[in-house]
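Everything below concerns the one structure shown next.
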Amino acid sequence: MTDRILDGIRIVELASGLAVPVASRMLAEAGADVIKIEPPQGDPLRSRVAFASWNRSKRSVVLDITTDDDRAKLADLLDTADVFVHEFTPSRAAELGFDDVALRVRHPHLIVSSVTGYPVDHPDRDRPAHDLLVQARSGLMGELWGYREGPIAMRFPLPSWAAASLAAAGIVARLIQRDSTGRIGAVHTSLLQGMLNTASLAWNNAENPIPALILNKYEAPPQLAMYQCSDGVWLQMMNPGERIDINAIPLVKEVAAGMDDLDDLSKNASEGLRKVIAQRSSTEWLPAFRAADLAIEPAQQMGELLRDPQVVANGYVFEVDDSVEGRTLQAGNPFVTEPACEVTRPAPRLGEHSQEVFDTLAQYRRSPAPMDPDADPRPLAGLKVLDLGSFLAGPMAPMLMADLGAEVIKIEPVVGDRLRWKPSYWEACSRGKRDLAVDLATEKGQEVLRRLIQWADVVHHNQRPKASVKNRIDEASVRAINPDIVFGYVTSYGEIGDRIDSPGFDPIFQALAGWEVENGGVGNPPQFSRFGVLDIQTALGSLVGTLLAVYYKQRTGRGTKASGSLLAAATATQSETLIRLADNSVAEYPRFDATQTGFGPGRRIYEVTDGWVAIVAETDGQLAALRAIAGATDDGGIEAGLAAFESEKLLVELASAGIAAEPVREEYSFEFFDDEANRTGQLIASYDHAHFGRMEQPGAYWNFDDITLKFDRAAPVIGQHTREILTELGYRDDDIDAMYADRVAGGPSVPKFWEHE
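See the structure below:
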């Protein structure tokens with residue numbers, strides 16, 4: 001046995017697509033033995049290049065689960081497994097005998113997980129789990145602003161990517177709980193919950209809101225701070241708060257000197273800057289802007305990032321000799337752990353390991369351990385987390401740990417975290433935490449920090465390397481105080497290479513990863529997504545990596561580091577494609593159409609008389625039925641034919657023809673909070689906020705069969721718990737008063753721009 005994090009853990013996977021296969025692949029490369037069950041005809045995804053990346057490091061076994069004999073074989077295999085992860089809706093799972101109750105009776109040792117379209121306790125639980133359809137029904141498409149009127153389909157499969165990390169994190173949390181308390185149970189998530197994790201950046205319902213808390217899709221245009229160079233390359237820039245004086249950059253001054261009527265070039269969406277940048281090539285502008293410490297990247301095609309020297313240096317890609325694709329360069333995982341994740345084998349051939357798996361079943365019998373009946377039932381109960389992060393990518397992971405039962409203390413400056421300028425974002429990644437406002441630039445503040453590091457099991461932050469050393473929260477400084485700490489760290493560009501101290505923001509990584517080009521659609525300019533999709537993917541990747549490190553410490557007693565970065569998350573999402581090393585080409589992948597409606601006649605949204613309908617017709621028979629409904633003789637006539645339908649009538653006809661479809665919901669966030677089904681199923685969390693009154697937000701991102709998650713602490717105001725925490729750390733009242741007098745500590749307070757009118 002090697003020293004890998006999940007050594008000895010066996011996972012049986014029964015699913016296709018992105019979410020479940022990517023979740024189990026992450027765990028496979030952390031050391032788990034993942035056995036992929038495929039039907040005799042194989043996983044339908046085998047026809048796409050993505051199969052190679054999403055299913056490597058696994059073994060393949062063929063079983064026809066529609067037969068009694070092969071279901072019996074699967075049951076024998078589950079007797080040897082620690083985890084079973086699948087994609088069946090609750091009704092289909094019950095038909096097959098894979099529902100939680102039946103599995104617990106037959107396999108009491110087994111952790112069961114699933115990724116469905118909608119939560120397993122929701123009225124929509126048996127609806128299709130297709131990313132495009134969930135985007136439509138969930139209201140996500142109505143939140144996007146594109147190059148035409150109406151809802152916009154999102155090329156980035158946001159629900160699926162988020163659900164993949166939520167599933168992996170839920171499984172690891174259950175493993176941590178099993179080994180610490182003996183408690184075993186199911187943990188489920190869904191594409192809707194993945195979508196809501198990101199939508200929470202804009203969706204909330206406060207009793208006493210301020211204008212900045214309420215966002216809509218027109219808040220940011222599709223080309224925010226995006227500029228085209230003379231060579232046709234688009235650059236995505238981020239300069240929040242006009243931190244860098246662009247007017248003072250030498251090349252800008254040189255080019256602007258010969259131009260008239262220019263506005264302040266440092267302003268967001270400056271027309272003058274647009275004219276200036278159009279005069280020179282991207283190869284001239286990029287080094288000039290980077291030398292000024294400006295956050296900027298080109299809008300590339302998907303897959304180009306896999307060649308990036310910074311990506312290669314940080315180990316975010318793997319060279320894999322695939323049985324179908326040949327020698328390839330493939331995207332890695334959105335985190336780096338110690339011990340490192342490894343690719344153990346290429347994606348398996350169909351049924352490649354059937355015989356060896358069943359020949360060795362007797363070696364792998366499992367039985368449940370005794371359970372501590374008095375233990376807190378929440379998976380991460382007792383885990384103490386110190387959150388030193390800022391913006392989104394750092395603080396989101398500790399918040400999700402709090403959702404799972406961890407005790408989280410957030411440190412922010414006395415004047416408040418920089419994310420508070422965007423209050424909806426702050427609220428989305430801060431619930432469940434206690435908040436301490438302290439000035440770490442002072443010696444007294446550093447003493448508070450030292451006591452908290454001694455208290456914590458996990459320290460997590462996302463400060464740039466130089467800043468973390470200055471503030472004494474780098475790994476070496478933290479381990480000098482608490483050698484066995486689990487250190488969770490998020491950066492922009494990784495920890496190796498020339499770019500490690502470069503500033504990084506979500507939009508520039510959307511550009512670098514090709515998602516701005518893909519979201520724009522073929523032939524259109526690149527398009528920025530206002531949701532911080534890669535910030536969230538970075539946070540979710542860090543959550544998985546940090547929980548793996550917690551599990552490893554629990555198993556070995558050794559505290560290690562788990563790191564993530566915007567670059568790692570961006571690279572991980574390139575796994576729809578790969579580099580074929582024989583000719584150094586980017587492999588083909590599905591492209592979005594120019595109208596931003598989808599991928600072709602069978603996977604897109606269609607406008608009807610009273611709105612839009614999303615349709616997924618994947619087989620030749622379904623496409624023929626779709627043409628018949630539209631009265632079209634070819635695919636080109638479908639759009640015009642469907643335009644005459646009312647949505648309700650069209651949905652009925654599509655259902656009768658066996659075609660999956662959903663209405664495209666627009667302006668849905670208000671309805672979401674009014675729906676009682678979302679409230680009873682914990683999709684809505686509700687708590688009293690110290691400033692906004694009663695606050696509602698998207699709630700549970702996981703469903704447990706034996707646990708109701710606890711949401712009773714809203715996001716804190718600045719220093720809401722400062723005195724309480726300092727007292728717990730051993731400070732006397734007069735010490736605390738002195739720290740307040742010296743502005744070393746503060747709170748509770750709110751920023752001036754949060755004040756109610």
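Quick note on UniProt numbering: the sequence shown kicks off at 1 and runs consecutively. From the three backbone atoms N, C-alpha and C, an ideal C-beta is built for every residue, glycine too.
Practice task
Identify the continuous beta strand (DSSP E) that holds ALA331 and give its terminal residues.
Solution key: Here the beta strand (DSSP E) through ALA331 covers 326-331.
Handout entry: Distance, ASP33 Cα to MET1 Cα
Key = For MET1, the pLDDT reaches just 46, beneath the cut-off of 50, and the residue's location in the model is therefore unreliable, leaving the point undetermined.
Exercise for the section: Note the first and the last residue of the continuous beta strand (DSSP E) segment covering SER563. Expected result: Per DSSP, SER563 belongs to the beta strand (DSSP E) from 561-565.
Practice task
Please confirm if the segment 116-129 is in contact with the segment 570-578, defined as three or more CB-CB distances below 8 Å between the two stretches.
Solution key: Judged by Cβ distances under 8 Å, the segment 116-129 makes no contact with the segment 570-578, as fewer than three pairs qualify.
Practice task
On the DSSP bridge assignment, give the partners of TRP612 in chain order.
Solution key: For TRP612, which the question treats as bridged, DSSP gives the partners GLU607.
Exercise for the section: Could you check which residue in VAL312, ALA169, VAL717 has the C-alpha nearest to that of GLY545? Expected result: Nearest neighbour of GLY545 by Cα position, chosen from VAL312, ALA169, VAL717, turns out to be ALA169.
Practice task
Pick out whichever of LYS217, SER266, GLY258 has its Cα sitting closest to the Cα of GLY241.
Solution key: By alpha-carbon distance to GLY241, the top candidate from LYS217, SER266, GLY258 is SER266.
Practice task
Work out the CA separation of SER138 and SER190 for me, nearest whole Å.
Solution key: Their Cα atoms are separated by approximately 12 Å.
Exercise for the section: Figure out for me which residue from MET695, GLY351, GLY564 has the closest Cα to the Cα of SER60. Expected result: Out of MET695, GLY351, GLY564, GLY351 has the C-alpha closest to the C-alpha of SER60.
Handout entry: Beta-carbon proximity list for VAL252, same chain, < 7 Å, skipping 5 on both sides
Key = Spatial neighbours of VAL252 in its own chain (CB-CB distance under 7 Å, excluding positions within 5 residues in sequence) are listed in chain order as ILE246, LEU265, VAL276.
Practice task
With DSSP collapsed to three states, give me the class of GLN135.
Solution key: It is helical.
Problem - For LEU380, the three-state DSSP class (helix, strand or coil) - result: Three-state result, LEU380: coil.
Handout entry: Helix, strand or coil at GLN697 [DSSP, three-state]
Key = Here GLN697 carries a strand assignment [DSSP, helix/strand/coil].
Exercise for the section: Would you check if the distance between the CB atom of ALA15 and the CB atom of VAL115 is smaller than 9 Å? Expected result: Taking 9 Å as the cut-off, the Cβ atoms of ALA15 and VAL115 count as close.
Exercise for the section: In angstroms with no decimal places, state the Cα-to-Cα distance between ARG174 and VAL105. Expected result: Taken atom to atom, the span from the alpha-carbon of ARG174 to that of VAL105 is near 18 Å.
Problem - Given 8 Å, three or more beta-carbon pairs between the segment 627-644 and the segment 595-614 - result: Using a Cβ-Cβ distance cut-off of 8 Å, the segment 627-644 and the segment 595-614 are in contact, since at least three pairs of beta carbons, one from each stretch, lie closer than that value.
Practice task
Please determine if the segment 679-692 and the segment 156-172 are in contact, where contact requires at least 3 C-beta pairs separated by less than 8 Å.
Solution key: Taking a contact to require three or more Cβ pairs closer than 8 Å, the segment 679-692 and the segment 156-172 do not qualify as touching.
Practice task
Under 8 Å Cβ to Cβ from ALA340, same chain only, skipping five residues before and after it: list those, please.
Solution key: Excluding residues within five positions, the ones whose Cβ falls inside 8 Å are GLY315.
Exercise for the section: Compute the beta-carbon to beta-carbon distance between VAL486 and VAL469, rounded to the nearest angstrom, for a pair I have assumed lies under 8 Å. Expected result: With a beta-carbon spacing of about 20 Å, VAL486 and VAL469 fall beyond the 8 Å limit used to define contacts.
Problem - Runs of alpha helix (DSSP H) lying entirely within the segment 655-688, each at least 4 residues, in chain order - result: Taking only runs of at least 4 residues, the alpha helix (DSSP H) segments lying wholly in the segment 655-688 are 669-674, 676-680.
Practice task
Give the DSSP-derived three-state secondary structure of ASN247 in the structure shown.
Solution key: In this structure, ASN247 counts as helix in the three-state DSSP scheme.
Practice task
Would you list the one or two residues that DSSP bridges to THR337?
Solution key: DSSP output for THR337 lists ALA562 as bridge partner(s).
Practice task
Pull up the distance between the alpha-carbon of ILE214 and that of SER424, whole angstroms please.
Solution key: When rounded, the separation of the alpha-carbon atoms in ILE214 and SER424 is 7 Å.
Handout entry: Beta-carbon gap between GLN236 and ILE296 smaller than 9 Å
Key = Contact flag set, yes.
Problem - Distance, ARG420 Cα to PRO413 Cα - result: Cα to Cα, the separation comes out at about 11 Å.
Exercise for the section: Take PRO465 as the anchor and find which of ILE500, VAL438, LEU452 has the nearest alpha-carbon. Expected result: Residue ILE500 holds the alpha-carbon nearest to the alpha-carbon of PRO465 among ILE500, VAL438, LEU452.
Problem - Assigned exposure category for LEU153 - 16 Cβ within 10 Å defines buried - result: Checking the sequence, you will find Ala at residue 153 rather than Leu. Burial call: buried.
Handout entry: Residue environment, MET259, which counts as buried when at least 16 other CB atoms sit within 10 Å
Key = It counts as exposed.
Problem - Boundaries (first-last residue) of the alpha helix (DSSP H) holding TRP161 - result: Residues 158-181.
Handout entry: PHE711 (DSSP reduced to helix, strand or coil)
Key = Coil, per DSSP.
Exercise for the section: Tell me the start and end of each unbroken alpha helix (DSSP H) in the segment 365-444 that is at least 4 residues and wholly inside, in chain order. Expected result: Runs of the alpha helix (DSSP H) inside the segment 365-444: 396-403, 423-428.
Handout entry: Reduced DSSP category for LYS36 - H, G, I as helix; E, B as strand; rest coil
Key = Assigned with DSSP and collapsed to three states, LYS36 falls in strand.
Handout entry: Continuous beta strand (DSSP E) stretch holding ARG290: start and end
Key = Unbroken run through ARG290 is the alpha helix (DSSP H), 282-291; no beta strand (DSSP E).
Problem - Sheet register partners of residue 763 (DSSP bridge) - result: Since the first and last residues shown for the chain are 1 and 757, residue 763 lies out of range.
Practice task
State whether the segment 739-753 contacts the segment 436-443, with contact taken as three or more CB pairs (one from each stretch) at a distance under 8 Å.
Solution key: Contact check between the segment 739-753 and the segment 436-443: three or more CB pairs, one atom from each, fall below 8 Å, which counts as touching.
Problem - Alpha-carbon to alpha-carbon, ILE536 and THR198 - result: The alpha-carbon atoms of THR198 and ILE536 are separated by roughly 7 Å.
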